[in-house]
Amino acid sequence: SDVLANEAWRLFGHSPLGIPRVQAVCDFVHNHIIFNYGNARPTRTAAEAYREQSGVCRDFAHLAVAFCRALNIPTRYCTGYISDIGLPKPWSDMDFAAWMEVYLGGRWHAFDPRNNAPRIGRILIASGRDAADVPLTHIFGPG
Numbered sequence: 004s005d006v007l008a009n010e011a012w013r014l015f016g017h018s019p020l021g022i023p024r025v026q027a028v029c030d031f032v033h034n035h036i037i038f039n040y041g042n043a044r045p046t047r048t049a050a051e052a053y054r055e056q057s058g059v060c061r062d063f064a065h066l067a068v069a070f071c072r073a074l075n076i077p078t079r080y081c082t083g084y085i086s087d088i089g090l091p092k093p094w095s096d097m098d099f100a101a102w103m104e105v106y107l108g109g110r111w112h113a114f115d116p117r118n119n120a121p122r123i124g125r126i127l128i129a130s131g132r133d134a135a136d137v138p139l140t141h142i143f144g145p146g
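Throughout, the numbering used here is defined as the position within the sequence shown, counted from one, plus 3.
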């Protein structure tokens, strides 16, 4: 968050407060990063995702979380399943995903900068500060 603070205020400091500001962050991240499994790596930071402009749902979420936190919006990183309910054919199968939740108006609101659209049937497995807190998968030991 500290690394991206000035950039967050430059990009979003003029945006209306609350949900509109968070949506502006999600819109930017959704359009700035190109989804690419080939560039995925578990050590990528939000700043690297911003510079490299590609990544997976984890990177979209990390960048949006970093921007929101830099803007003093309470935000948590989330992992779980994202469903295909209500999607037009051909739809993608239900899969692991990462998104974020922001605390505004006394409750948590889900935002998904990767898909940037509401989804029905999202299943939260865990939430935390970042993917290191709540990874989709984790391997212990050499390997």
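Using N, Cα and C, we set each Cβ at its ideal position, and we do this for glycine too.
For residue i, the three-state DSSP class (helix, strand or coil)
| i | result |
| --- | --- |
| Ile76 | coil |
| Gly41 | helix |
| Arg110 | strand |
| Val137 | coil |
| Ile128 | strand |
| Ile88 | coil |
| Val59 | coil |
| Val105 | strand |
Test item: CB-CB of residue i and residue j under 9 Å
| i | j | result |
| --- | --- | --- |
| Val68 | Phe38 | no |
| Tyr84 | Ile126 | yes |
| Pro45 | Pro138 | yes |
| Gly21 | Leu107 | yes |
| Ala73 | Asp136 | no |
| Ala129 | Arg117 | no |
Span of the alpha helix (DSSP H) around residue i
| i | result |
| --- | --- |
| Asn119 | That residue, Asn119, is in no alpha helix (DSSP H); it is neither H nor E in DSSP. |
| Leu14 | Ala8 to Phe15 |
| Asp30 | Ile22 to His35 |
Whole-Å CB distance - residue i paired with residue j, under 8 Å assumed
| i | j | result |
| --- | --- | --- |
| Asp133 | His65 | 6 Å |
| Val25 | Cys71 | 6 Å |
| Asp62 | Arg47 | 6 Å |
| Tyr53 | Leu7 | 7 Å |
| Ile36 | Gln56 | 6 Å |
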